[in-house]
Amino acid sequence: MPSSTDPSIDTITEGGRVTQVGEGQEAEESSPPVVTFGAPAVGEVLAERYELVEHINNDSAGRLVWRGVDVVLRRPVAVVLRYPGGDSATEMLQAAVAASRVIHPNLVGVYDAIDEADRAYVVREWVDGQSLRELVTADGPLDPAHATAIGSAVASALAAVHATGMVHGNVHPGTVMISDDGRVVLADARTDGADSQENDLRAVGGVLYFALTGHWPHGEAPLHGATAGHGRAALPDAVRDAGGAIAAPRQVRAGVPAYLDDLTMDLLDPEMAPPSSDVLSAELNRLDVPADEHFLEQAGPLRFTADPGEEPSPLAAAGGRKVALGIAGLLAVALVGLLIGISALGDDKDPGKEPVAQPTSSAPAGGTTAPAAPVRKLNIQDVRIIDPESRDRAEVRNAEKVIDGDPNEGWETASYRNNGKFGGLKKGMGIWIDLGAPHTVKSIKATLSSTGASAELRAGKGEYPSSSSGDKALVAAYTERIGQPFEDHDGTTMVFDGFNPEAKYQYLLFWITELPEKDGGGGWKLGVQELTVEGS
Numbered sequence: 001m002p003s004s005t006d007p008s009i010d011t012i013t014e015g016g017r018v019t020q021v022g023e024g025q026e027a028e029e030s031s032p033p034v035v036t037f038g039a040p041a042v043g044e045v046l047a048e049r050y051e052l053v054e055h056i057n058n059d060s061a062g063r064l065v066w067r068g069v070d071v072v073l074r075r076p077v078a079v080v081l082r083y084p085g086g087d088s089a090t091e092m093l094q095a096a097v098a099a100s101r102v103i104h105p106n107l108v109g110v111y112d113a114i115d116e117a118d119r120a121y122v123v124r125e126w127v128d129g130q131s132l133r134e135l136v137t138a139d140g141p142l143d144p145a146h147a148t149a150i151g152s153a154v155a156s157a158l159a160a161v162h163a164t165g166m167v168h169g170n171v172h173p174g175t176v177m178i179s180d181d182g183r184v185v186l187a188d189a190r191t192d193g194a195d196s197q198e199n200d201l202r203a204v205g206g207v208l209y210f211a212l213t214g215h216w217p218h219g220e221a222p223l224h225g226a227t228a229g230h231g232r233a234a235l236p237d238a239v240r241d242a243g244g245a246i247a248a249p250r251q252v253r254a255g256v257p258a259y260l261d262d263l264t265m266d267l268l269d270p271e272m273a274p275p276s277s278d279v280l281s282a283e284l285n286r287l288d289v290p291a292d293e294h295f296l297e298q299a300g301p302l303r304f305t306a307d308p309g310e311e312p313s314p315l316a317a318a319g320g321r322k323v324a325l326g327i328a329g330l331l332a333v334a335l336v337g338l339l340i341g342i343s344a345l346g347d348d349k350d351p352g353k354e355p356v357a358q359p360t361s362s363a364p365a366g367g368t369t370a371p372a373a374p375v376r377k378l379n380i381q382d383v384r385i386i387d388p389e390s391r392d393r394a395e396v397r398n399a400e401k402v403i404d405g406d407p408n409e410g411w412e413t414a415s416y417r418n419n420g421k422f423g424g425l426k427k428g429m430g431i432w433i434d435l436g437a438p439h440t441v442k443s444i445k446a447t448l449s450s451t452g453a454s455a456e457l458r459a460g461k462g463e464y465p466s467s468s469s470g471d472k473a474l475v476a477a478y479t480e481r482i483g484q485p486f487e488d489h490d491g492t493t494m495v496f497d498g499f500n501p502e503a504k505y506q507y508l509l510f511w512i513t514e515l516p517e518k519d520g521g522g523g524w525k526l527g528v529q530e531l532t533v534e535g536s
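Final position of the sequence shown in full-length UniProt numbering is 536; the numbers increase by one with none missing.
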């Protein structure tokens, strides 16, 4: 039985470390002590096997949670008792029996379930540790790697449960436990028939959102029909816009990778069907990386890489390729400098040659002018699809494909009817670009899927995203148009240039104003295959 670190549950301290055990989501701060006739006592042995060592807490459903010892196997256990047994304990016993059939390293082990008429009890694994709820509440949001690892463990546990046709029905930060040795386990399954496998999967999105932001995306309302106990109601609600829509994790906190942000929001979107639990588990497991590895950049967003021979993560293109290109560029510059130096030395040693005049820069009297920085391809640190009038979460996915170096794959809009101005449904949408630091921009090239699109480039001065503004606020703030606009562009490559050489930009918005008609008709649509920025 994993420990539940909800402050609404009484705790005990062992050796300076708090150890807790909670039983189900009904435990509440205001729950009065439960007094029952013939209540168990320290030292009592149940079923001639389970010795009660210490009473941990009572919950509002009338259950008593004890720390015990299996005297046969000599291992610690958690014992959850309910008075009386019989019909009133049916749900608890059924849940225990169902959970005992699934053996998985990320599920709490259930050892026994006994009904003695006057009382019933479940014997479970004892886990020393804390819940995700208390971990985030005490230490703040987790880094993306740790959040991914926890989401992967929960999805893996659900995949095992769902493979049997069952439902967990009680996934939230209070039932996700992290043991002292780092193991992640999911506890307190329910079998009251009020839930579904789809709701289990959407709850994984809630767990990821909480781990990344410290906010619970479901507010104080019960999750999928469950009571808002077990400390859930006390969690801070997600940041919301005027319409009540929650802000994406990247709008709450910088450094969340685009792919993880999109996955989390898709799981929370009731309009999008979630993947099966085994598919979700496989995807999160592929992204599950240790937080202390070398590819975690402390000063920037998380970059996922793969071992040699493995398929690269969708996020690898946002970091690995750029790092490789940067190193290659530096090596090329170093090689050119070396060759020039060797050539110059050779010329000096040849007595038959006239000295070659070296280029100089003119400067005003009394001072020198530093040479202009060379123009180079700038690393795009982050990209995001901006859609202030979003109606389809699928349309804002795959932003990372526009900077992966592969012109054969990119991001594309949905297909719109009636006209190329997004069917009259929106004024436009685009791609937000973060260069990581202010740069002088020489040109921006957009490689498109077809001809006939219209777009413009805008600049922003403030940091984005913020915790209190979304896409609408960003578009309203990014009003400075730079470079030349493209109206009815007749090519598949747009190049914006003519920038102010004295200006520096970190945040840019490639804003699409009109879509081209698809070949053969049938709608209007555009794909952006690649974005390239040059400057210094």
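Cβ coordinates follow ideal geometry from the N, Cα and C atoms, glycine included.
- Inclusion of G68 and V80 in the CB contact set at 7 Å is not warranted, their separation being larger than that value.
- Within a 10 Å sphere around the beta-carbon of L73 sit fewer than 16 other beta-carbons, which makes this residue exposed.
- DSSP places M494 in no alpha helix (DSSP H) but in the uninterrupted beta strand (DSSP E) bounded by 493-496.
- A direct Cα-Cα distance of roughly 7 Å separates H218 from D237.
- Scanning its chain for C-beta atoms nearer than 7 Å, with the 5 sequence neighbours on each side dropped, one finds around V102 the residues A160, V161, T164, in chain order.
- The beta carbon of P407 sits closer than 7 Å to those of T447, Q529, E530, all from its chain and outside the five residues before and after it, given in chain order.
- A distance below 6 Å between beta-carbons, with the five flanking residues on each side excluded, links R481 to the following residues of its chain, in chain order: E456, R458.
- About 5 Å separates the Cβ atoms of P84 and D118, confirming a contact at the 8 Å cut-off.
- Nearest Cα to E514 within the set D471, K445, Y416: Y416.
- Annotated three-state conformation of D278 is helix, per DSSP.
- In chain order, W66 place their CB closer than 6 Å to the CB of H55, counting only its own chain and leaving out the 5 sequence neighbours on each side.
- Three or more beta-carbon pairs drawn from the stretch 372-391 and the stretch 421-434 are found closer than 8 Å, and the two stretches are therefore classed as touching.
- Beta-bridge pairing by DSSP links D404 to no other residue.
- Per DSSP, Q130 is one residue of the beta strand (DSSP E) stretching across 129-131.
- Boundaries of the beta strand (DSSP E) around A459: 454-460.
- Going by C-alpha positions, T148 is about 22 Å away from D188.
- Spatial neighbours of R190 in its own chain (CB-CB distance under 7 Å, excluding positions within 5 residues in sequence) are listed in chain order as A95, G169, N170.
- F510: not part of any alpha helix (DSSP H); member of the beta strand (DSSP E) spanning 505-514, first to last residue.
- Judged by beta-carbon spacing, H439 lies within the 7 Å limit of G535, meaning their Cβ atoms are closer than that value.
- The beta carbon of E412 lies closer than 6 Å to those of G527 in the same chain, with the five residues before and after it left out.
- Under the three-state reduction of DSSP, E389 is assigned to coil, being neither helix nor strand.
- At the C-beta level, S152 and L284 come within 7 Å of one another.
- Contact between the stretch 240-247 and the stretch 126-139 is absent: fewer than 3 CB-CB pairs across the two stretches fall below 8 Å.
- A distance below 7 Å separates the beta carbons of L186 and V154.
- Approximately 12 Å separates the beta-carbon atoms of L158 and G205; this is outside 8 Å, ruling out the contact.
- When the Cα atoms are used, D404 and M177 turn out to be separated by approximately 37 Å.
- Assigned with DSSP and collapsed to three states, K472 falls in helix.
- At least 7 Å separates the beta-carbon of I150 from that of A99.
- Straight across, the Cα-Cα distance linking I380 with V495 is about 16 Å.
- For M92 and P105, the gap between their C-alpha atoms comes out near 22 Å.
- Closest in C-alpha terms to W432, from the list S443, L474, F422, T451, comes L474.
- Here DSSP, grouped into helix, strand and coil, assigns G165 to coil.
- According to the DSSP secondary-structure assignment, Y259 is paired through a beta bridge with no residue.
- Sequence-distant Cβ neighbours of K472 in its own chain, meaning closer than 6 Å and more than five residues away, are P388.
- In this structure G483 is in contact with F499, their Cβ atoms being roughly 6 Å apart against a cut-off of 8 Å.
- Per DSSP, reduced to three states, the secondary structure at A157 is helical.
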